[in-house]
Each structure stands twice: as C-alpha cells, then as structure tokens.
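Okay, so the sequence shown: first residue is 1285 according to our numbering, each after it adds one.
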Amino acid sequence: MSQRPAGRSLRILPCGANLCCNSLNGPIPASFSGLASLAYLDLQENALSEAIPDAISLMTALTSLFLSKNILAESIPTEMGKLLQLQSLHLDNNEVVGSIPDALSALTNLDHLSMAANHLVGAVPNFLTSFVLLTHL
C-alpha cells in the first residue's frame, strides 16, 4: 500500500445519486433526508407522486435537485427554502399547485430554476429578480 506524498491532502468530492429514467413510483421516501451529505439528487422521469416531503429540507448539502417529469402534487414545501446550497432546482412537468413560496427567496445561489408545466398560480415573485446568479428561469 503506497503512502500519500507529504503535504498532500485528500480531496472529498460531492456525492450524488442518479435515479433518473426508471419506473420508480409512489412518494419520495422521507428517509432520503438521512442523506445529509448528498450534493446531487436526480429523480426525474419516474412516476413519483404525492407531495415533496418536508424532510427534504434536511438535505442541506444539496446543490442540484432534479424532480422533473413525475406526478408530484400539492404545493412546494416552504421548508425547501432551507436548502441554501441549492444551485439548480428542477420541478417542471409535475402536478404541483399553489404559488411559489416566499421561503424560496433564501435560495440566492440558484442559477437554474425550472417550474414549467405545473398548476402554479399567482404572480411571479419579485425576489427572483434579486437572484444575480440565475441564468435559466
């Protein structure tokens, strides 16, 4: 077993889970919240249903969350505003209802936000104009 050269440290890479394009169905398991160090979660193009679990807010290392092309319903949980590292949020092509919660105003690291093809109502929140990193809306 070789030794690491002196003065060199190990680099920890972000962890991710890609479960895209399967036939996963039912609700997103609340137990995913136990994956607190996960930086990337791709669950798009499945048949996931019901609400986005509030417990997703415990995944505080998430930088990318892909939930597109499922049948997720109910409103966007305000707890998602706790995902302060989030840079990319994809909720398009679901059955999400209600308005975009003000709690998402805390997600100032977003550079990509996709919520098309849902059942959202109300005005586009003004806070989106203050997201200086946002390049895709």
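Note that beta-carbon positions come from the ideal geometry of N, C-alpha and C, so glycine has one too.
Counting along the chain, His1396 sits inside the beta strand (DSSP E) bounded by residues His1396 to Ser1398. Nearest to Glu1334 by alpha-carbon distance, out of Leu1418, Lys1366, Pro1361 and Thr1347, is Pro1361.
Counting along the chain, the unbroken beta strand (DSSP E) around Glu1379 starts and ends at Glu1379 to Gly1382. Within a 10 Å sphere around the beta-carbon of His1374 sit 16 or more other beta-carbons, which makes this residue buried.
Exclusion of the five residues before and after Gly1365 leaves Ala1387, Leu1388 and Ala1390 as the residues of its chain whose Cβ lies within less than 6 angstroms of its Cβ. Relative to Tyr1324, the option among Glu1379, Leu1412 and Ile1340 whose CA is nearest is Ile1340. Within the same chain, Cβ atoms closer than 6 angstroms to the Cβ of Glu1329 are found at Cys1304, Cys1305 and Lys1353, the five residues on either side in sequence being excluded. Selection Gly1318, Ile1336 and Ser1315 evaluated against Glu1379 yields Ile1336 as nearest (Cα-Cα). The straight-line gap separating the alpha-carbon atoms of Leu1404 and Val1381 is approximately 5 angstroms. Ala1345 is not a Cβ neighbour of Ala1314, given a cutoff of 8 angstroms.
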